[in-house]
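Protein chains in written order, with my numbering: chain A, 1 to 275; chain B, 1001 to 1325; chain C, 2001 to 2314. Okay, structure first, notes after.
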Amino acid sequence: MNVVRWGALRQNVGLTVGLVTIAVLLLAAFLSPLPHNPLAPNAAATLAHPGSRYWFGTDTSGFDVFSRTIRAARLDLPLALLGTIVSMLIGVPVGLFASGRSRTAEALMRCLDVFQAFPLLILALAIVALTGNQLRNIVLAIAIINVPTFIRLVRSQSLTLRSARFVEAARAIGASERRVLLRHILPNAAAPITAQAALTAAQSIVVIAAMTFIGIGITPPQASWGAMIQTGSAQVATGGWWVSFFPGLAILIVVASFNLIADGAQRLLSPTSRG
Amino acid sequence: MRELETQFVTRRGTVRAVNGVSFQIATGELVGLVGETGSGKSATVRSIIGLVRKPGRVVGGEVRFLDEDLLTLPAGRLRKIRGSRISFIPQNPFAALHPVLKLDRQFENVIRAHKDVSRGECFDLAQQVLQRLAIPDPARVLGGYAHELSGGMAQRVVIGIALVLDPDLVIADEPTTGLDVTVQRQILDLIVELLADDRRAMLLVTHDLGVVAQYCHRVIVMYAGTVVESGPVDAVFRQPAHPYTRALLDAVPQPNKPLQILRGSIPSLIDYPRGCPFHDRCAFAFARCGEETPHLGRLNNSREYACHLPQGLIAESVEARTEAR
Amino acid sequence: MSLVKLEHVSKTFKRDKGSTLYAVNDVSLTIDRGETVGLIGESGAGKSTIGRLALRLQTPDAGVITFEGQDLAELSKQSLSAVRARMTVVFQEPYQSLNPRMNVGEIVGEPLVIHERRLGRSERRQRVVDALEHVALGQTFLDRYPAELSGGQQQRVGIARAIVTRPSFVVLDEPTSSLDLSVRAQVLQLLGDLQKEFDLAYLFISHDIHSVEHLSSRLAVMYLGQIVEIGPAAAVFTDPLHPYTQALLSAALSADPDVKPARFLLRGEIPSPTNLPRGCFLHGRCPLGTDECTRAPVPLHHAVAAHEVACLKA
């Protein structure tokens, strides 16, 4: 099923930039050698200014901010992606189911309404606090926050598409409900779902940063942007701006890249994007 | 209007939507502009009223209205003309009417953009025009919304908006497509009546030959962005000069007549073919047709056509040279 | 035995505001093997609903619909699905009826995937190519997507999809209304050829009288969910008995400027199908109407052999 037109990638600048940035960051985090060991501080060079030796400077413990910023991508990015994937794995099938006309579907939507009445970030933090300070709970938290969004999106797409003429045509040729869902409705909802996935990833980065900021999920000397911002927050007032600034910048770049991907994916996958 | 040329530049190449289109409309005339999808009739109309959007541009020609060339006018002047001297009736009334504004406000917006009158006067003007359009209880209709109306009523309201400022020229883009046949007749009869009363001219864009045959004085036939024939309706329909006109007339299913098929499809407007755009589907084509583009020439005092056949199909000696492919 | 039979079928829809829309009111219709029944009427007449009822894409509120002798209401889900290989549909808007994410080969092949599972991939491909050739589209179209095709080509793909399982009955729901004039004739001729070759029965729904009349052996005229006249196409066309049919025919504009239309016009507009008039549905607009017409709904009765009309004045 030819869903993506690869040639169009060349024309879709935003999408390419976004994808390349994320890819580069991931590769750098996992593969490339870093100027200084991000996990071994140099106690002699604490709070050094950014310069030729320590490109982004060092923090109060002597960690090289540059190396740690890159290294943090090893944690934050995969977490965000994993959280997004889990949200989709749960949200998409439930959303498809919820677009049916059964009573359970109706009941489900009402439960969802109640669920979303809570401030989900707080809820997620509460759950994580209760269940323990582990990485997988961050993924759980992201899923809790984002599953409802996917359910609603997929459901509304599915509802709209159900009354599309080609879906009626599929029924007219005898397609089963399952076939209609998987072969007709889902592929045509791919564009908004993919875009939403990218947006979810973007938002997850921020959620992860929030959690590691308050110390959930990581143990020092693991690197994570949120934690780094936290350690640097005290230095900002006294002039050591670089400790918090660069991780913050990293978050900004990653979020922007995901947004570009979302936008580009939307344009690329919509059937009307053919000239 | 003379030699209007509109080109659209898109990523895939230059789409020559309107190529050297020329025609004239006299006062009080009802002219039908006929063509199929891709003939350029919508683009032509939009070029006339200046609504060509990116990535399209009008790249040549002039559009003379009364004494001014519409293409060279500054935007402000064009806007003044558009709406009060030249008005437009679009195809889908519900797309043209604001869904959330009451109808009297919509009339107001149009009237007050051009004339300095009070709201009460606007209401009166609107009421008058709706009454002429046989809308029962116009006051109540004006106080309501577009979605409360049936298709026929809504189209009448849109026509009302188009006529309320007494324009000299009304351009209607398929105004009755999608309406029921009986309603279509009612509306067309009304339009013709109103035009005759006020000596207005109208350019009626349509693909329905029946409408043209029964209501229009003159007809202009377009194909692939050019005019292929024009003239008085009776003459053109009884004895078409251009092979495409003849093919179009033959393609209308009529009782007791076998269907005549026109094979092939319209040429690409990007890779514009050499010579006559119709030559690959024409049963009468010969060598010159593939080489040289025919220009619009005069058949007689009132008719023009663009074909290499001398006198088009009217000449007695013309026979189909090849089987319709 | 008729191929398709509708007996006293009615269908209503509930609107959001609580009102009821009476789409189809006590309609009976038969379609025999190989014949074309034309169904004409204006919008809101219920023609498309009849088409959908015949295909069981909707279920009637009253009445019985049989196909090949079987009552559709009594079929199990599987049997009903299997029957869909034998009764198919071509829709009005060609682009909308094709899944934009599937290519032509997949679209036309899907009915085979559903109904003839034992077919191997190459066999299926052969059948698809065969169907495409029957609608004058070559093999090169297999990989193309709907957005790359013209309106006429898209409609041909829809037709190919409808015949690939060798059905006996095809519902044509305004198949040419969205197409250009010159393409209409091509498609109509194609439909005629296919009918002869495969002995297809058609229910040709349209508001364009001239297209319908060409292919139809019998013609039924609908108004507000009722059949007001039905008979041999030629008879209905040249000698319409019901005032509504007369109005409909006279409203059609001929492309021949010498032919002036007769001025038989109805007053007013079609009433809403949520608020049906009492008695004869046309009274109030009909120039022939009298008090007699308001008393009770008028049933179809035989005027001349095989030509029925529902009018007290005919």
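Backbone N, C-alpha and C fix where the C-beta goes; we use that ideal spot for every residue, glycine too.
Cβ neighbour criterion (16 or more within 10 Å) applied to residue i
| i | result |
| --- | --- |
| A265 of chain A | buried |
| Q1186 of chain B | buried |
| C111 of chain A | exposed |
| M2087 of chain C | buried |
| I2159 of chain C | buried |
| K1080 of chain B | exposed |
| A2296 of chain C | exposed |
| L268 of chain A | buried |
| V4 of chain A | Note that V4 of chain A scores a pLDDT of 47, beneath 50, so its modelled location is shaky and nothing firm can be said. |
| P2111 of chain C | buried |
| I214 of chain A | exposed |
| G1195 of chain B | Per the sequence shown, residue 1195 of chain B should be read as Leu rather than Gly. Answer is buried; the Cβ neighbour count reaches 16. |
| K2077 of chain C | exposed |
| Q134 of chain A | exposed |
| D1104 of chain B | buried |
| M228 of chain A | buried |
Residue i CB to nearest heavy atom of the ligand ZN below 7 Å
| i | result |
| --- | --- |
| R1079 of chain B | Although the ligand ZN was asked about, the structure shown includes no ligands whatsoever. |
Contacts of residue i in chain A (Cβ-Cβ under 9 Å)
| i | result |
| --- | --- |
| E2110 of chain C | A170, I173, A175, R179, R183 |
| L2098 of chain C | R165, F166, A169 |
| A2085 of chain C | I173, G174 |
| S2081 of chain C | G174, A175, S176 |
7 Å Cβ cut-off: residues of chain A touching residue i
| i | result |
| --- | --- |
| L2057 of chain C | E168, R171, A172 |
| F2091 of chain C | R165, A169 |
| Q2155 of chain C | By Cβ distance, chain A contributes nothing, its closest Cβ being about 12 Å from Q2155 of chain C, past 7 Å. |
| H2115 of chain C | G174 |
Chain-order list of residues whose beta-carbon lies under 8 Å from that of residue i (same chain, five-residue window excluded)
| i | result |
| --- | --- |
| H2302 of chain C | E2308 |
| Q196 of chain A | T149, F150, L153, A262 |
| Q2092 of chain C | D2173, E2174, P2175, S2177, S2178 |
Neighbouring residues, chain C, relative to residue i (Cβ below 9 Å)
| i | result |
| --- | --- |
| D1116 of chain B | The premise fails here: D1116 of chain B is roughly 37 Å from chain C at the closest Cβ pair, so nothing lies under 9 Å. |
Reduced DSSP secondary structure (H/G/I, E/B, other) of residue i
| i | result |
| --- | --- |
| E2133 of chain C | helix |
| N2025 of chain C | strand |
| G1152 of chain B | helix |
| G2034 of chain C | coil |
| F1065 of chain B | strand |
| H2301 of chain C | strand |
| T1044 of chain B | helix |
| T149 of chain A | helix |
| T2290 of chain C | coil |
| T2059 of chain C | coil |
| S2177 of chain C | coil |
| S1087 of chain B | strand |
| Q2226 of chain C | strand |
| E1121 of chain B | helix |
| R1012 of chain B | Confidence at R1012 of chain B is low in this model, with a pLDDT of 35, below 50, so the placement of that residue should be treated as unreliable; the coordinate-derived value is given next. Coil, per DSSP. |
Contacts of residue i in chain C (Cβ-Cβ under 7 Å)
| i | result |
| --- | --- |
| P187 of chain A | R2101 |
| T1206 of chain B | Those do not exist, as T1206 of chain B stays about 11 Å from chain C at its closest Cβ, beyond 7 Å. |
Amino acids of chain B, ordered along the chain, whose beta-carbon sits closer than 9 Å to that of residue i
| i | result |
| --- | --- |
| G2151 of chain C | T1037 |
Other residues of its chain near residue i: CB distance less than 7 Å, five sequence neighbours each side excluded
| i | result |
| --- | --- |
| F2281 of chain C | Y2223, L2224, Q2226 |
Proximity below 8 Å, CB of residue i to CB of residue j
| i | j | result |
| --- | --- | --- |
| V2037 of chain C | S2216 of chain C | yes |
| I2205 of chain C | E2229 of chain C | no |
| L2029 of chain C | L2006 of chain C | yes |
| H2210 of chain C | P1253 of chain B | yes |
| H2134 of chain C | T2165 of chain C | no |
| P2167 of chain C | A2054 of chain C | no |
Residue i: contacting residues in chain A (beta-carbon distance under 8 Å)
| i | result |
| --- | --- |
| R2184 of chain C | Near R2184 of chain C there are no residues of chain A at all, since even the closest Cβ is about 20 Å away, more than 8 Å. |
| T2322 of chain C | There is no way to answer for residue 2322 of chain C, as the model of chain C reaches only from 2001 to 2314. |
| R2285 of chain C | Simply none; closest approach about 32 Å. |
| R2161 of chain C | A169, I173 |
Interface partners of residue i on chain B, CB under 8 Å
| i | result |
| --- | --- |
| D2180 of chain C | E1036, T1037, H1207 |
| A2247 of chain C | T1182 |
| A2252 of chain C | V1181, G1210 |
Neighbourhood of residue i by C-beta distance below 6 Å, restricted to the same chain and skipping five residues each side
| i | result |
| --- | --- |
| F246 of chain A | F56, V65, T69 |
| Y1244 of chain B | Y1223, V1228, F1278 |
| K2047 of chain C | L2039, G2041, I2205, M2222 |
Below-8 Å beta-carbon distance, residue i vs any chain E residue
| i | result |
| --- | --- |
| R2278 of chain C | Any reference to chain E falls outside this structure, whose protein chains are A, B and C. |
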